Amino acid sequence: MSTIGSKIRALRTERGMSLEDVADGYVSTKTLARIEQDDAVPSPSLLAHVAERMGVPVTVFAPDGANPADAVQTYRQAKNLLGRERFAEAAKRLESLLVLPGLPHHLREENVFEDLGDCYERLQADARAVSCYEQAAEAALAHDDIPLVIRAYHKAAQVYKRRDETGLARLYWLRARETLLRHPGIAVPLLCKVEMHLGRIELSAGRYGSALTYYEAAYAHSDLGASTGDRALICHGLAYALAAHGRYEEAARFTDEAVEHYRAIHHTRGLSQCRVNQGVLLRLQGRCEEAVQHFTACLDEGDVANDAIRAANLLAERGWCRLLTGDAEGALADGAESLRRARNHPRAVSFAHLVCAHANLARGRTDEAIRHAEAGLAACERGKDCDGPRIALQKVRQRAWVAGGRTADALAAAVASAREVLDRGAVSLIGPEA
């Protein structure tokens with residue numbers, strides 16, 4: 001099926017015109033090339049310019065079989081098709097509206113572009129989807145429809161989040177937030193979701209100061225209409241950011257609140273993560289015996305036991321707490337069981353080896369400590385977000401080398417580890433994954 005872009009390219013080639021001839025300073029040749037390649041969607045004003053440069057009516061660019069004569073009826077048909085998940089047919093009708101010199105007063109360009117972006121997103125035409133959301137935001141801003149601007153930027157960010165392109169997702173969420181900051185007094189329920197996503201990105205990057213700022217703002221704005229699921233995620237992330245700043249008691253309170261929200265929506269993964277974190281926060285407050293009791297209760301209750309990776313993390317944490325209370329053999333047992341449950345999950349495996357390495361070192365078994373440390377470091381190389389366990393494993397290996405008389409190896413490793421921390425900005429904080 002011919003598209004608007006392919007029709008522009010065919011007509012330009014037929015007339016022997018270059019991209020510069022058609023663009024004529026109205027738009028960049030790069031943008032025009034993206035439109036011809038169907039990587040971007042032209043606005044009605046740009047289509048009118050292209051038609052004028054080529055000396056044809058703008059309706060020439062209408063998609064095959066489309067009838068844009070009755071704009072209102074066409075839009076209704078498109079919305080109906082969109083609701084029935086017939087996205088290609090809906091997109092065809094919405095595209096036909098772009099060739100009109102003007103829309104009826106009760107049809108708005110930003111709504112057409114947003115709906116068209118939704119179609120492209122579901123069709124996984126990501127570049128065109130983002131192009132539509134950008135134009136929806138631009139048109140909405142011209143009409144002072146700030147909620148639609150925020151929604152369009154949020155949808156563009158979600159496209160890049162799905163593609164795991166965090167930097168671009170962050171850019172669009174920042175645009176959304178900055179737009180709201182320029183328009184104080186406008187309440188947009190989506191704001192807390194935007195701030196939550198920004199907080200999560202900052203958390204993953206180890207930028208704990210800005211993460212805390214975003215999560216605190218998201219929590220403050222959650223009364224605007226956040227879902228229970230979003231409240232759970234906000235409390236979860238806020239607790240992690242607070243823990244990164246050593247504010248453990250506050251972190252514990254927000255973790256408890258996250259647990260309540262996760263229970264309410266039967267979100268077992270988030271619940272199990274936060275149940276583990278409750279014990280971690282007890283340890284960080286120096287309440288190791290209480291932490292051991294908490295972890296044991298979690299296993300008995302089944303909150304975590306049915307989640308293999310979370311159970312592995314819990315056992316490693318319980319082993320760590322047992323080690324801190326002087327129970328090295330109990331720590332070894334928990335570390336071994338954690339390894340069994342962690343299977344091939346790099347981060348969980350690395351934590352289990354860390355506990356085993358420390359427990360063996362405490363028992364004077366330096367060779368076993370070194371073996372576990374090196375196995376844990378190998379697991380770190382297979383995964384991501386492993387800076388924390390990597391540094392801890394390097395440290396315990398150095399201690400084992402010193403205890404075994406290999407002081408030169410320990411010194412060289414210490415220097416390399418210090419350089420890595422400076423180069424990578426690595427941190428040893430361990431927190432939630434969601």
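Using the UniProt record's numbering, you'd call the opening residue of the sequence shown number 1 and step up by one each time.
Even glycine gets a Cβ: it sits at the ideal position worked out from N, Cα and C.
If you're wondering where the values come from, they're calculated on a predicted model, not measured in any experiment.
Residue range of the alpha helix (DSSP H) that includes residue i
| i | result |
| --- | --- |
| residue 85 | Per DSSP, residue 85 belongs to no alpha helix (DSSP H) and is neither H nor E. |
| residue 201 | 191 to 204 |
| residue 30 | 29 to 36 |
| residue 353 | 346 to 362 |
| residue 391 | 387 to 403 |
| residue 55 | Looking at the DSSP string, residue 55 is not in any alpha helix (DSSP H), and its letter there is neither H nor E. |
| residue 234 | 228 to 244 |
| residue 186 | It is not in any alpha helix (DSSP H) - residue 186 carries neither H nor E in the DSSP assignment. |
| residue 436 | Any property of residue 436 remains undetermined from this structure, which presents the chain solely from 1 to 434. |
| residue 212 | 208 to 221 |
| residue 131 | 126 to 142 |
| residue 367 | 366 to 382 |
| residue 122 | 109 to 122 |
| residue 248 | 248 to 264 |
| residue 19 | 19 to 23 |
Cβ-Cβ separation, residue j to residue i (assumed contact under 8 Å), whole Å
| i | j | result |
| --- | --- | --- |
| residue 403 | residue 366 | 5 Å |
| residue 435 | residue 41 | There is simply no residue 435 to check, as the chain begins at 1 and stops at 434 in what is shown. |
| residue 436 | residue 346 | One cannot answer for residue 436 here, as it falls past the ends of the chain, which runs 1 to 434. |
| residue 392 | residue 370 | About 14 Å separates the two Cβ atoms, so there is no contact after all. |
| residue 376 | residue 357 | 7 Å |
| residue 62 | residue 28 | Not confirmed; about 25 Å, so no contact. |
| residue 237 | residue 189 | Not quite, the Cβ-Cβ distance comes to about 18 Å (not below 8 Å), so this is no contact. |
| residue 149 | residue 140 | 5 Å |
| residue 261 | residue 232 | 4 Å |
| residue 214 | residue 202 | 6 Å |
Local Cβ density within 10 Å of residue i, reported as buried at 16 or more and exposed below that
| i | result |
| --- | --- |
| residue 329 | exposed |
| residue 195 | buried |
| residue 255 | buried |
| residue 80 | exposed |
| residue 355 | buried |
| residue 360 | buried |
| residue 398 | buried |
| residue 209 | exposed |
| residue 186 | exposed |
| residue 389 | buried |
| residue 381 | exposed |
| residue 104 | exposed |
| residue 395 | buried |
| residue 135 | buried |
| residue 408 | exposed |
Residue i beta carbon near the ligand MG (any heavy atom closer than 7 Å)
| i | result |
| --- | --- |
| residue 145 | Among the components of this structure there are no ligands whatsoever, and the ligand MG is therefore not found. |
Give a yes or no on contact between the stretch 83 to 90 and the stretch 35 to 53, applying the rule of three or more CB pairs nearer than 8 Å. No contact exists between the stretch 83 to 90 and the stretch 35 to 53.
- prompt: Are the stretch 327 to 347 and the stretch 308 to 319 touching, with three or more C-beta to C-beta distances below 8 Å?
  reply: Yes: at least three Cβ pairs fall under 8 Å.
Could you tell me which whole alpha helix (DSSP H) segments of length 4 or greater appear in the stretch 282 to 327?
Whole alpha helix (DSSP H) segments, 4+ residues: 288 to 301 and 308 to 324.
Identify every run of the beta strand (DSSP E) within the stretch 148 to 177, keeping only runs that are complete inside it and at least 3 residues long; order them along the chain.
Look at the stretch 148 to 177 and you find no whole run of beta strand (DSSP E) that is 3 residues long or longer.
- May I ask you to verify whether the stretch 273 to 282 touches the stretch 240 to 253, counting CB pairs closer than 8 Å and requiring at least 3? Contact between the stretch 273 to 282 and the stretch 240 to 253 is established, with three or more Cβ pairs separated by less than 8 Å.
message: With three or more beta-carbon pairs closer than 8 Å as the criterion, would you say the stretch 282 to 300 touches the stretch 260 to 271?
response: No: the two stretches stay apart, fewer than three of their Cβ pairs being nearer than 8 Å.
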